[in-house]
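The block underneath contains the structure these notes are about, expressed in structure tokens.
In our numbering, the protein residues as written are 113 to 297.
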């Protein structure tokens with residue numbers, strides 16, 4: 113039995129795309145420090161939505177300046193490799209283009225072959241900003257797809273690299289305090 117056409121309020125986009133990916137090429141961006149389950153969920157949903165190509169901008173330089181514990185962020189080369197390796201492990205047939213970005217737009221405002229931008233609720237405004245820039249440049253607008261991120265903390269906050277970097281600092285401080293305490297005795 114065939115039901116009525118989907119009005120967009122049905123299943124999440126990534127689940128709908130599993131049978132037939134919705135877009136030829138998708139783009140997304142992020143820091144992707146310490147690749148964790150939240151990143152993997154975003155990358156998998158993006159790969160599921162792409163038929164041919166996925167473009168990922170990995171933040172570097174001035175894009176990291178305001179991040180918590182920015183000095184502990186992994187080198188951009190390591191983060192790029194982790195993103196490439198993960199996407200290729202889940203959907204090897206995709207063309208995977210991962211590059212460093214030093215502004216919020218990266219390739220999303222110059223690549224005229226893109227069809228959709230994948231965002232989280234937290235980065236939805238960035239997706240709209242990309243479309244404003246594309247419109248100014250006479251490029252076709254991208255469909256904006258929102259992926260829900262999972263919580264990682266006990267209080268339900270979203271899993272984040274900043275929280276992981278903070279935890280590393282706290283653990284190092286505890287180790288330092290214990291070793292300083294044992295040196296005194």
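Ideal Cβ placement from N, Cα and C applies to all residues, glycine included.
DSSP, reduced to helix, strand and coil, places residue 216 outside both helices and strands of the structure shown, so it counts as coil. Taking the Cα of residue 207 as reference, the smallest distance to any Cα among 159, 141 and 146 is reached at 159.
Residue state for residue 226 is assigned as coil, using DSSP reduced to three classes. Between residue 230 and residue 199, the CB-CB gap reaches or exceeds 8 Å. In the three-state reduction of the DSSP assignment, residue 135 falls in the strand class, which pools E and B. Scanning its chain for C-beta atoms nearer than 7 Å, with the 5 sequence neighbours on each side dropped, one finds around residue 196 the residues 208 and 210, in chain order.
Sixteen is the threshold: when 16 or more other Cβ atoms of the shown chains lie within 10 Å of the Cβ of residue 232, as they do, the residue is buried. Between residue 150 and residue 168 the beta-carbon gap is near 15 Å, outside 8 Å, which marks them as no contact.
In terms of Cβ geometry, residue 173 and residue 234 do not form a close pair [threshold 8 Å]. Put simply, of 255, 177, 290 and 286 the residue whose alpha carbon is nearest the alpha carbon of residue 134 is 255. The alpha-carbon of residue 156 is positioned some 23 Å away from that of residue 221. DSSP, reduced to helix, strand and coil, places residue 185 outside both helices and strands of the structure shown, so it counts as coil.
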